[in-house]
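Novice:
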Amino acid sequence: MRAATRAILVSACVLTCALLGYRSGVAAKASHCPKDCKQDIKSCLALVLTNKACTGTKAEKKACRKMHAVQRKACRGLVKLCKQRNPGTSGVCVPSTSSCGTFLTTWGTSASGNGQFASPAGVAVDGSGHVYVVDSGNNRIQKFDNGGTLLTTWGTSGSGNGQFSGPLGMAVDGSGNVFVADTDNARIQKFDNGGEFLTTWGTFGSGNAQFRFPVGVAVDGSGNVFVTDSDNDRIQKFDNGGTFLTTWGTRGSADGQFYSPTFVAVDGSGNVFVADAANYRIQKFACP
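Each step along the sequence shown adds one to the number in my numbering, with nothing skipped, and position 39 is 25.
#1: Assign Ser114 to buried or exposed, taking buried as 16 or more other Cβ atoms, counted over all protein chains shown, within 10 Å of its Cβ.
#2: If you check the beta carbons only, do Gly282 and Arg198 fall under 7 Å apart?
#3: Should Asn171 go down as buried or exposed, given a rule of 16 or more other Cβ atoms within 10 Å for buried?
#4: Apart from the five residues just before and just after Gly256, which ones in its own chain have a Cβ nearer than 6 Å to its Cβ?
#5: To test your reading of the DSSP string, which unbroken beta strand (DSSP E) runs of 3 or more residues are found completely within the stretch 187 to 246?
#6: So Arg126 packs on Phe150, CB below 8 Å; how close in whole Å?
#7: Can you list, in chain order, the residues of its chain with a C-beta nearer than 6 Å to that of Asp168? Leave out the 5 residues immediately preceding and following it.
#8: Just the C-alpha distance for Ser145 and Thr139, rounded to the nearest angstrom, thanks.
#9: With DSSP as the reference, label Asp253 as helix, strand or coil.
#10: Mapping DSSP to helix, strand and coil, what is Leu31?
#11: If we ignore side chains and look at the alpha-carbon of each, how far apart do Lys270 and Phe177 end up?
#12: If you measure between the beta carbons of Arg51 and Cys40, is that distance less than 7 Å?
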């Protein structure tokens, strides 16, 4: 995928994360009054790139500008949310008693050393609370304990087993196996929880078990693996070893169609949720 399209994806991901943090965290602030709401909106708008940042083909520039317009609209819509959560009485705002959004810790800086990142893209947590991060710009995976202490790292730039080129999404199954969308290499790689390479599948193309810019990965309770095959505008489902099971989706805006889907998640009942990025929506599917 072109660099311009990747920039749109990263921009959308950053803003989405910021909005989710805002929605959960703003209500927990004590004395969060209308003037604070306005400042929150300014902070949100500051995350949106200007249209000057849009590059690529004419179509890519148009899509980029449209994405920015949607993001600005979403920021302005937070004014209403802020006032709903902080109604105030005679100038005194009412804080929420919820602890959701309470800051706990942070780690990482921009570089290539241990515990540092260059465009971290995907995050997953295993049953023991270990945190796995796709350090996309450094073409590696980093594993931390729940407090941010580095445990191990693996991966270098390349196309061999255990190497990556622009990885994005990842998931961990119930056994601790780690699945990574090795995006620019058009494949999925599977590792044990220590980073030992287990298997890989996928080549560039549009056939079954082929990919064009795989982005998101999710694993259900049975260990089946779901992949958003973004440039093919579809979802592909595999068993835990990479055997193709089924696929659905075509390009479009109707129900069940996609336009550059990005990330995917599966709930405890096996329902599949897909971020249909360029259609600006979430789609939910049953997958028995």
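By construction, the Cβ of each residue, glycine as well, lies at the ideal position given by its N, Cα and C atoms.
Specialist: Here's the rundown:
#1: exposed
#2: In the structure as shown, the chain starts at -13 and stops at 274, and residue 282 therefore has no counterpart that could be examined.
#3: Buried is the call here.
#4: Asp206 and Cys273, listed in sequence order.
#5: 200 to 205, 211 to 215, 220 to 224 and 230 to 234
#6: 7 Å
#7: Phe150, Pro153 and Gln175
#8: Going from the Cα of Ser145 to the Cα of Thr139 covers about 17 Å.
#9: coil
#10: helix
#11: So the alpha carbons of these two residues sit roughly 28 Å apart.
#12: yes
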